[in-house]
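The structure appears right after this line, and notes come after that.
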Amino acid sequence: MSSPLKPLEQHWWSIPASRYEKLWVWISAVWGVVLFGWMVAWSFIGHQNQHGPTYRIDPMAYRSKLIAYREASVSTAQGLRPAGEDVYLAAMRYGFDGLPVVLKAGKTYRFHLSSYDVQHGLSIRPEHALSKQITLQLLPGYEWVIPMRFDEPGIYRVICNEFCGLGHQVMQGVFIVEE
Amino acid sequence: MSGLLLSGIYDAAGFRTCPVTGLRLHQSVERYVKLFALTAVAALLVGGISAIFVALTRWEVIGLATPPAFYKWLSIHAWNLLIFWMVFMEVAILYIGGPLVLGRPLPLPKLAGVGYAVMLASALLINHAIATTEAPDNAPLLTSYVPLPSPALFYLGAILFIVGVIIAALPFFVSIWQEKQEFPNRTLPLVTFGAFITAIIALEALLGGLITYVPTLLWRIGLIEHLDAAWYRQMYWIIGHGSQQINLAAMITVWYFLTHVVGGAEVVSERLSRVAFVLYLFFINMGAAHHLLADPGIHTSWKHWNTSYAVYGAVLASMIHAFAIPAGLEAGRRKRGFGRQGLFGWLWSAPWGNPVFSATALGIILFGFIGGISGVVMGQTQVNLTWHNTLAVPGHFHGTVVLGTTLTFMGLVYFALPVLFHRDLVLKPLARLQPYFYAVAMGLATIMMIYLGLLYGVPRRHPSVMSFPGTDFSFAAASPLFAIFGIAAIFALIGGASFLLIAAGSLLFGKRVDNPALVMPPLISGGVDDKPIHQYSMQGTFTLTLIFLAVFIIIYVLNWYLLGRLWAIG
Amino acid sequence: MKFFCILELGLISTNYDLFYFLFQKVQSLGAMETRTGQTPPWPQQVFDNLWLLAGAAIVFFVLSYLAWGMIDLLTIPVGGAAP
Numbered sequence: 000m001s002s003p004l005k006p007l008e009q010h011w012w013s014i015p016a017s018r019y020e021k022l023w024v025w026i027s028a029v030w031g032v033v034l035f036g037w038m039v040a041w042s043f044i045g046h047q048n049q050h051g052p053t054y055r056i057d058p059m060a061y062r063s064k065l066i067a068y069r070e071a072s073v074s075t076a077q078g079l080r081p082a083g084e085d086v087y088l089a090a091m092r093y094g095f096d097g098l099p100v101v102l103k104a105g106k107t108y109r110f111h112l113s114s115y116d117v118q119h120g121l122s123i124r125p126e127h128a129l130s131k132q133i134t135l136q137l138l139p140g141y142e143w144v145i146p147m148r149f150d151e152p153g154i155y156r157v158i159c160n161e162f163c164g165l166g167h168q169v170m171q172g173v174f175i176v177e178e
Numbered sequence: 000m001s002g003l004l005l006s007g008i009y010d011a012a013g014f015r016t017c018p019v020t021g022l023r024l025h026q027s028v029e030r031y032v033k034l035f036a037l038t039a040v041a042a043l044l045v046g047g048i049s050a051i052f053v054a055l056t057r058w059e060v061i062g063l064a065t066p067p068a069f070y071k072w073l074s075i076h077a078w079n080l081l082i083f084w085m086v087f088m089e090v091a092i093l094y095i096g097g098p099l100v101l102g103r104p105l106p107l108p109k110l111a112g113v114g115y116a117v118m119l120a121s122a123l124l125i126n127h128a129i130a131t132t133e134a135p136d137n138a139p140l141l142t143s144y145v146p147l148p149s150p151a152l153f154y155l156g157a158i159l160f161i162v163g164v165i166i167a168a169l170p171f172f173v174s175i176w177q178e179k180q181e182f183p184n185r186t187l188p189l190v191t192f193g194a195f196i197t198a199i200i201a202l203e204a205l206l207g208g209l210i211t212y213v214p215t216l217l218w219r220i221g222l223i224e225h226l227d228a229a230w231y232r233q234m235y236w237i238i239g240h241g242s243q244q245i246n247l248a249a250m251i252t253v254w255y256f257l258t259h260v261v262g263g264a265e266v267v268s269e270r271l272s273r274v275a276f277v278l279y280l281f282f283i284n285m286g287a288a289h290h291l292l293a294d295p296g297i298h299t300s301w302k303h304w305n306t307s308y309a310v311y312g313a314v315l316a317s318m319i320h321a322f323a324i325p326a327g328l329e330a331g332r333r334k335r336g337f338g339r340q341g342l343f344g345w346l347w348s349a350p351w352g353n354p355v356f357s358a359t360a361l362g363i364i365l366f367g368f369i370g371g372i373s374g375v376v377m378g379q380t381q382v383n384l385t386w387h388n389t390l391a392v393p394g395h396f397h398g399t400v401v402l403g404t405t406l407t408f409m410g411l412v413y414f415a416l417p418v419l420f421h422r423d424l425v426l427k428p429l430a431r432l433q434p435y436f437y438a439v440a441m442g443l444a445t446i447m448m449i450y451l452g453l454l455y456g457v458p459r460r461h462p463s464v465m466s467f468p469g470t471d472f473s474f475a476a477a478s479p480l481f482a483i484f485g486i487a488a489i490f491a492l493i494g495g496a497s498f499l500l501i502a503a504g505s506l507l508f509g510k511r512v513d514n515p516a517l518v519m520p521p522l523i524s525g526g527v528d529d530k531p532i533h534q535y536s537m538q539g540t541f542t543l544t545l546i547f548l549a550v551f552i553i554i555y556v557l558n559w560y561l562l563g564r565l566w567a568i569g
Numbered sequence: 000m001k002f003f004c005i006l007e008l009g010l011i012s013t014n015y016d017l018f019y020f021l022f023q024k025v026q027s028l029g030a031m032e033t034r035t036g037q038t039p040p041w042p043q044q045v046f047d048n049l050w051l052l053a054g055a056a057i058v059f060f061v062l063s064y065l066a067w068g069m070i071d072l073l074t075i076p077v078g079g080a081a082p
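Residue numbers (numbering that gives the first Met the number 0), protein chains in the order written: chain G, 0 to 178; chain B, 0 to 569; chain P, 0 to 82.
Structure (structure tokens):
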């Protein structure tokens, strides 16, 4: 009897497995290659990749960059209108510096992302389609530059989904994408 | 109390033969297995109480706890269930898989006692530190992400707990070493091999924990000035995810054990099952990368390599076990004459009325379909963007740790009650029903969490998504699903409480059974060894695994489709 | 950056091929009959050497996850001042 509780004395390695089990192993191995291959392929052919350069930066230095960006942008009632292709955001306890911002649909912006204090989660969705949402991790001391292009105009809501203290649950922001 | 821990009749050398498993067990092993298992169940109770406050706060119609209290309850919930309920039970499982199955006394029992005492004291310290958290500290949740400070006593407790576990694991390692010295030409039993793999995975995780918490404690008390957030995440997740991989390996080892003793399963291929365990050994802890996929700093190629456990090596392992365990049941039961009716006669005739079996079988099915599939899918680098920090993440790990490991460990406790504690179950009709009730209720709550997180973007670790001050935006559209979640969670709480009631009731008031084989009939023997086990039909299992693969593919495609709908990123 | 990814991919697939080549090779040893008394097949001997397996696994993890990850973090460049 093949018991999982008994020590083995024979050459168990040589005992063949059933054909179904062997077939299942091959199917699983192929599936594993598909899982890996698709993920890697998406890095080259897909349009959603959390890919962008990261820089070390002191939070105070990042804040200066954001202030400079704000001064170069146009302030409107709806939010900042960036002068060029760079958009600066910083999460902090308990809000998002740099928001609200007004962006043009179909234009690719370089989003500069960081945190002034602790870890935060940048959770974005258009308010008309809650199922379209992503999250990026924001770390103090790091500036992550990720290009993003919003094709759908609308109001985009931002919340923090990384616990950052007793005010975590009030953190929210907004940006507008217009035609 | 000593009566609880030292029942049964031992010979002069301290051994007795278990009438259910046929194993020759020493009283030193039995004593500590029971001690660790009982403590695990006590942690389950504490964690279960905290679950009331967590679930009924997230269902904001009830909104039980206010924000500061909610974060504390969430921390208590995480530590007592993800860590203490799991790890105390896993030390018991190491002692079972090692010295108990090998028929050896527990080596260095004093170390086991010291390890236990340190683990217990630090578990109490951690609970205390969380409960008394006040400014400038924050509740640690599970992860205590730097630079958000948690109480210094919390970090100290975590370090001590890790040290305690390492000490408690030493007798296991020594028993393996002793066995290899005494029988150098023998192969360890599969369950022992699985326990060894579990122990090494645990060692990696625990050492990662020390690398994480020691500097963090020094930072918290001001001896280190600055701790890098990215470094912390990289190190923390070695123990953060690694501790959950201990659960995976231990659970699978218990599956082989329980399907054998209660279901009549045999090992259909020692080679493939051991290959699977070795794949886990090498690759499973790379899964710590799953938590870093949405992070800056690390290259995408590192993410792809590590999140995939080296081109899905560890997933291949899971797929092997997913076949081997039901196949072992099928072949073993066919051999014992239970396979007469067609493709699934072996399955329908299984002891579904025995909560040991039903808890184990439900654990296998639900872990696979809900926990496992969601884990692999959300671990795909880019798909993770839609899962990270949403309620779908706790949804996934309730699928693995609760529907999988907790159900399995409940089955193990149901087994231990007559076999180790010599107590017949009380409230037997309730005990027969409990695994099903719990599985359905918890299953529904889990699926709701995944749905809410993925398709509504509801965040995790958040007490009040139904209103944000300063804006009219909220997740109010998700209210109906939250109601289903809340009701399912209440039923799950009842299911969990039922288990605790039965366990405690049986321990204290259950009828003493000197021969547990009378209430827990062993199915180990049976059938004639006329042909090798791998020659029995496994068509039923193959059908089931194909269905599993089909569901896997559907969920996989669905998730990539959802990702593809998003705006352009990167 | 892209070159680096392709290089990594090449290394990964080579290792993968190597691992599965070995796996296939040892699978073919299954053709042998089961006997006791003689030395067991070498894969069985490897699998019985628990401490070797444990050591190799820990080394692999330290390299794949820890060392590579630390190198990635330590080589993050310092950011400039102006946007």
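For each residue, glycine too, the CB sits at the ideal point set by N, CA and C.
- Under the three-state reduction of DSSP, residue 118(B) is assigned to helix.
- Taking the beta carbon of residue 75(P) as reference, the chain G residues within 8 Å of it are 53, 54, 55 and 141, listed in sequence order.
- Excluding sequence positions up to five before and after residue 108(G), its CB lies within less than 8 Å of the CB of 81, 84, 85, 86, 102, 146, 147 and 148, all in the same chain and listed in chain order.
- For residue 102(G), DSSP records a beta bridge to 176(G).
- Annotated as distal: residue 176(G) and residue 98(G), with beta-carbon spacing of 8 Å or more.
- For residue 166(B), the closest alpha carbon among the candidates 119(B), 131(B), 123(B) and 130(B) is that of 119(B).
- Annotation: Cβ neighbours of residue 78(P) in chain G (cutoff 7 Å, chain order): 54, 55, 56 and 142.
- Interface with chain G (8 Å Cβ-Cβ cutoff): residue 268(B) is included.
- Residue 384(B) sits away from residue 118(G), with the two beta carbons spaced by 8 Å or more.
- The beta carbon of residue 312(B) sits closer than 8 Å to the beta carbons of 278, 281 and 282 from its chain, once the five residues preceding and following it are set aside; these are given in chain order.
- Spanning the alpha carbons of residue 437(B) and residue 379(B) requires a straight line of approximately 30 Å.
- For the alpha helix (DSSP H) assignment, the uninterrupted runs of no fewer than 4 residues enclosed by the segment 49 to 95 of chain G are, from N- to C-terminal side, 58 to 71.
- In this chain, the beta strand (DSSP E) harbouring residue 123(G) covers 119 to 125.
- Using a CB distance below 7 Å, the part of the segment 186 to 215 of chain B facing chain P consists of 186, 195, 199 and 203, ordered along the chain.
- Under DSSP, the beta-bridge partners assigned to residue 142(G) are 54(G).
- In terms of beta-carbon proximity, residue 67(P) lines the interface with chain B, with at least one pair separated by less than 8 Å.
- Contact of residue 41(G) with chain P by beta-carbon distance below 9 Å is absent, the smallest such distance being about 12 Å.
- Residues of chain P whose Cβ lies closer than 7 Å to the Cβ of residue 37(G) do not exist, since the nearest Cβ in that chain is about 13 Å away.
- For the C-beta of residue 52(P), the chain B residues within less than 7 Å are, from N- to C-terminus, 277 and 280.
- Residue 344(B) sits close to residue 337(B), with the two beta carbons spaced by under 8 Å.
- Taken through DSSP and simplified to helix, strand or coil, residue 442(B) comes out as helix.
- In the structure shown, residue 110(G) falls within a strand segment according to DSSP collapsed to helix, strand and coil.
- Neighbours of residue 177(B) across chain G, judged by C-beta separation under 9 Å, do not exist; the nearest C-beta is about 13 Å away.
- In the same chain as residue 39(B), and ignoring 5 residues on each side of it, the C-beta atoms closer than 6 Å to its own belong to 84, 87 and 88, in chain order.
- As for any alpha helix (DSSP H) of minimum length 4 sitting wholly inside the segment 39 to 77 of chain B, the runs are 66 to 76, ordered along the chain.
- Taking 8 Å as the cut-off, the beta carbon of residue 55(P) is found no closer than this to the beta carbon of residue 199(B).
- By the CB criterion at 8 Å, residue 368(B) and residue 490(B) fall outside the cutoff.
- When Cβ pairs closer than 8 Å are counted between the two stretches, the segment 441 to 461 of chain B is seen not to touch the segment 506 to 523 of chain B, the count staying below three.
- Residue 56(B) is positioned such that its CB atom lies no closer than 8 Å to that of residue 50(B).
- Between the segment 94 to 107 of chain B and the segment 185 to 205 of chain B, the count of C-beta pairs closer than 8 Å reaches three or more; the two stretches touch.
- Per DSSP, the unbroken beta strand (DSSP E) holding residue 157(G) starts and ends at 153 to 159.
- One alpha carbon belongs to residue 523(B), the other to residue 252(B), and they sit about 17 Å apart.
- Listed along chain B, the residues sitting closer than 9 Å to residue 146(G) by beta-carbon distance are 567, 568 and 569.
- For the segment 223 to 241 of chain B, the residues whose beta carbon sits under 7 Å from a beta carbon of chain P are, in order, 229, 230 and 233.
- Close to chain P, meaning a Cβ-Cβ distance shorter than 8 Å, are the following residues of the segment 90 to 114 of chain G: 111.
- Using a Cβ-Cβ cut-off of 8 Å, residue 10(G) counts as an interface residue toward chain P, since at least one Cβ of chain P sits closer than that to its own.
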